[in-house]
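Let me begin by presenting the structure, written as structure tokens, before commenting on it.
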Amino acid sequence: MERYDLVVIGSGPAGQRAAVQAAKLGKRVAIVEKKRLMGGVCLHTGTIPSKTFREAVVQLTARHQAGLAFSIQPVASEITMSDVLARCHRVISLEMDVVAHQMRRNRITLIAGTASFVSPGRLVIDSDDQKMEIEADKVVIAVGTTPARPDGVDIDGKSVIDSDDVLELETLPRTLTVVGAGVIGAEYASMFAALGVEVTVIDKRDTLLPFLDREISDSLTYQMRNQNVTFRFGEEVAQVHVREDGDAEAVLASSKRVVSDVLLYSIGRVGNVAKLGLDAAEITADSRGRIQVDENYQTQTKGIYAVGDVIGFPSLAATSMYQGRHAACHAFGVEITALPHLFPYGIYSIPEISMVGKTEEELTKDGVPYEFGVARYKEIARGAILGDDTGLLKLLFHAETRDILGVHIIGTAATELVHIGQTAMALGGTIDFFVQNVFNYPTFAECYKVAALDGYNKVGPRPSDPPHPGT
């Protein structure tokens, strides 16, 4: 029986980093991946394909609009699903090669199959009707999540789909219903709307992405409505069925009916733990398949760790990578700094959104005296050049100390731009830094200076402040 120092179950971002970190420490490492394809959910049906899908939509629609505006020939009469998916499949293939090369370079063994526990230190691997057992001194569970499926609804992959099925659509639907206005639902709703699809979003909450700063959430809602997205907030789906003509019909609790070519269920995700045999490892998961861990990502069973989306919040690829490295280091007695409390969120809707730190609503609830400064893309030269006249960057800062408390951005390059604010916050920066420093022109980075000056004008100078240029 083969024995490893570390066995990692799952090859997504968290699993990859755990495996590589252990290999760098000189350990014998194996990754078990059920699909024979390295990269996990993130690479094949999650982060990478959805973000590539978005980029393809943005580029194709921009090219189409430019062709019409400037009479560039030839201009396709319409954008097809194959146009969009070609880019996705190409990127997935390239990323698979990168991951596979990294595993080979670090001498990590790839075992194809489905892993389940026999005991805390022993696993059985089921692959192509063949079974084998392996032993491990340490185990990292990094199996990710799968779309939650409601009881009584048949997800057929054609008329009724979940997010894993989007890349399998053969044609672009004329109409689309999205059930669930979480991050994934909002992203796909905005992408399909940009392609000219009539989209209806149904959600039992009364706002879109309520964890966002309200001004940003309202801006996204407004811009999606401008793309002919219909929102049905405060509504629940009671039944879903496929009609004889192949259309999907959603019957709401209020007795309304919504009919569309395709219905996309996006009601959250659950841990992919059903086949792990957690009982044999003396581990329990909650009703959403999430595994509880301590500050070092160790489960209730010593020597077994869980990282990534399967442990729940924050369920970001970036934080999952950090968790994987942390777990591997702790497993083999190497000290590592804990995950920073300050990390950015990125939402790849159209337009994209990013944030770091507190929202206005949180600061108000906590009784923090704050002020804000705003830079609007339409007033920034770079925004005019790129034709983005709806984006904005908002700085939240302490009214007395001027410490930066939050950065909220909607618009072009938001997920890149946020890191400037994140760095300033991590180093204890104030808005004075942005007021007193020079940024390339014309760039979106200039938004920080404009927003800081806007905020500076609200609180006024302190006696010790040097002179500054006004806005």
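Under the working numbering, the first residue of the sequence shown carries the number 650, and numbering increases by one thereafter. Virtual Cβ for every residue (Gly too), placed ideally from N, Cα, C.
The residues L927, in chain order, have a CB closer than 7 angstroms to that of T933 in the same chain once the five nearest residues on each side in sequence are set aside.
Across the structure, E727 and T701 are spaced so that their CA atoms are roughly 19 angstroms apart. One thing to note: V792 has its Cβ within 8 angstroms of the Cβ of I658. T1072 carries a helical assignment under DSSP once its states are collapsed to helix, strand and coil. DSSP places K787 inside the beta strand (DSSP E), whose first and last residues are 779 to 790. A1073 places its beta carbon less than 8 angstroms from that of F1082.
L912: member of the beta strand (DSSP E) spanning 911 to 914, first to last residue.
In this structure, the alpha-carbon of I1059 lies about 50 angstroms from that of D778. For Q665, the uninterrupted alpha helix (DSSP H) run begins and ends at 662 to 673, by DSSP.
Within the stretch 788 to 874, the runs of beta strand (DSSP E) at least 3 residues long that lie entirely inside it are, in chain order, 794 to 796, 809 to 811, 824 to 828, 847 to 852. If you draw a straight line from the Cα of K1107 to the Cα of G664, it comes to about 47 angstroms.
H1047 sits in a strand when the DSSP states are folded into three classes. Within the same chain, F1093 come within 6 angstroms of A1062 by CB-CB distance, once the 5 residues on both sides are set aside.
Under DSSP, G1055 takes part in a beta bridge, and its partners are G1006, L1045. Positions of the beta strand (DSSP E) runs, each at least 3 residues long and wholly inside the stretch 730 to 767, are given as 758 to 761 in order along the chain. Its chain contains M650, V767, R771, L772, V773, I774 as the residues whose beta carbon lies nearer than 8 angstroms to that of E782, once the 5 sequence neighbours on both sides are disregarded; these appear in chain order. Of all alpha-carbon atoms in L965, P989, G973, the one lying nearest the alpha-carbon of Y954 is that of G973. Here the stretch 1046 to 1054 does not lie against the stretch 1024 to 1036, with fewer than 3 beta-carbon pairs under 8 angstroms apart. Counting along the chain, T879 sits inside the beta strand (DSSP E) bounded by residues 878 to 882.
In this chain, the alpha helix (DSSP H) harbouring R974 covers 966 to 980.
The criterion of a C-beta distance shorter than 8 angstroms is not satisfied by G1006 and L1076. Residue state for S776 is assigned as strand, using DSSP reduced to three classes. Following the DSSP letters along the chain, one finds E1020 inside the beta strand (DSSP E) bounded by residues 1019 to 1025.
One Cα belongs to A835, the other to G675, and the distance between them is close to 43 angstroms. E884 is classed as buried because its beta carbon has at least 16 other beta carbons within 10 Å across all chains shown.
In the three-state DSSP reduction, G1032 falls in the helix class (H, G or I). Restricting attention to R1111, V1056, P1110, T1064, the CA atom closest to the CA of Y1097 is found in V1056. Beyond the five residues adjoining it in sequence on each side, G895 comes within less than 7 angstroms, by CB distance, of S808 in the same chain, given in chain order. In the DSSP assignment, G920 falls within the unbroken beta strand (DSSP E) covering 918 to 920. DSSP places T1079 in the strand class (E or B) of the three-state scheme.
In this structure, S839 keeps its C-beta atom at 8 angstroms or more from the C-beta atom of S742. Under a 10 Å Cβ-count criterion, F860 is classified as exposed, with fewer than 16 other Cβ atoms of the shown protein chains found around its own Cβ. The stretch 816 to 829 and the stretch 703 to 711 do not touch, with fewer than three beta-carbon pairs separated by less than 8 angstroms.
Per DSSP, A897 lies in no alpha helix (DSSP H) segment; the continuous beta strand (DSSP E) that holds it begins and ends at 897 to 901. Per the DSSP secondary-structure output, Y994 pairs in a beta bridge with M1004. About 6 angstroms separates the CB atoms of A667 and A976; that is less than 8 angstroms, so the two are in contact.
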